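Undergrad: Once you've had a glance at the structure underneath, I'll fire off some questions.
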Ligand code: ADP
């Protein structure tokens, strides 16, 4: 399913495994320590190979950790992408701890990193809705709104943003938030 902005830019939803999706950048749902995790992070590291771990170790040596709501960039190893943006979503603690703003900030940071590199296609997983416990119906609304707003801007480089949803429940939640 997809939505098209008036300027022709597309927001697409698909079910699948983000490690198989060709894009200029794919986004990882990382943790603040930039240490290995399960879920989409584990899948991305397995598919990309050891170069990601090495680059993240170097980044960590420089900045210590990545704050929640931000992201760091590596190359993509064996993935069919040029870059991986390792975004740190909020851990959901009931919703009154700034989670919505932090989740929105994650998507904005990734879009900004894509524009700095003049990328055309970015693929996102559903950040924070696995181990971090963010209710997917709420997270979907935030994710789609941030990306839609960006795609509607004049003069951007991005042409397409794809949400790659791993299971049907996540797909349905994002579909419900897609603008008509
Ligand atoms: P977080 O810690 O940010 O919640 P998770 O990796 O636990 O991150 O989950 C985020 C979302 O990514 C979940 O909806 C999960 O089902 C999904 N996911 C897991 N593996 C993949 C994959 N290979 N491709 C796309 N999405 C995935």
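Residue numbers (the numbering used here): 54 to 233.
We put the beta carbon where it would ideally sit given N, CA and C, even for glycine.
Only a predicted model underlies this, so the values are computations on that prediction, with no experimental measurement involved.
1. Measuring from the CB of residue 77, is there a heavy atom of the ligand ADP at a distance below 7 Å?
2. Does DSSP put residue 73 in a helix, in a strand, or in coil?
3. Report the CB separation of residue 158 from residue 80 in whole angstroms; it is logged as a contact under 8 Å.
4. Measure how close the beta-carbons of residue 140 and residue 82 come, nearest whole angstrom, since I'm counting them as under 8 Å.
5. Are the Cβ atoms of residue 66 and residue 59 separated by less than 8 Å?
6. In whole angstroms, what separates the C-alpha of residue 160 from that of residue 202?
7. Return yes when at least one heavy atom of the ligand ADP lies under 7 Å from the C-beta of residue 178, else no.
8. Let's test the definition: count the other Cβ atoms within 10 Å of the Cβ of residue 119 and tell me whether it reaches 16, buried, or not, exposed.
9. May I have the straight-line CA-CA distance separating residue 108 from residue 127, to the nearest angstrom?
10. In the DSSP assignment, what are the bridge partners of residue 81?
TA: According to the data block:
1. no
2. helix
3. Residue 80 and residue 158 do not touch by the CB rule: their CB atoms are close to 13 Å apart, not below 8 Å.
4. 7 Å
5. The answer is no: Cβ separation not under 8 Å.
6. So the alpha carbons of these two residues sit roughly 11 Å apart.
7. Residue 178 Cβ: within cutoff of the ligand ADP.
8. So residue 119 ends up on the buried side.
9. 6 Å
10. 139
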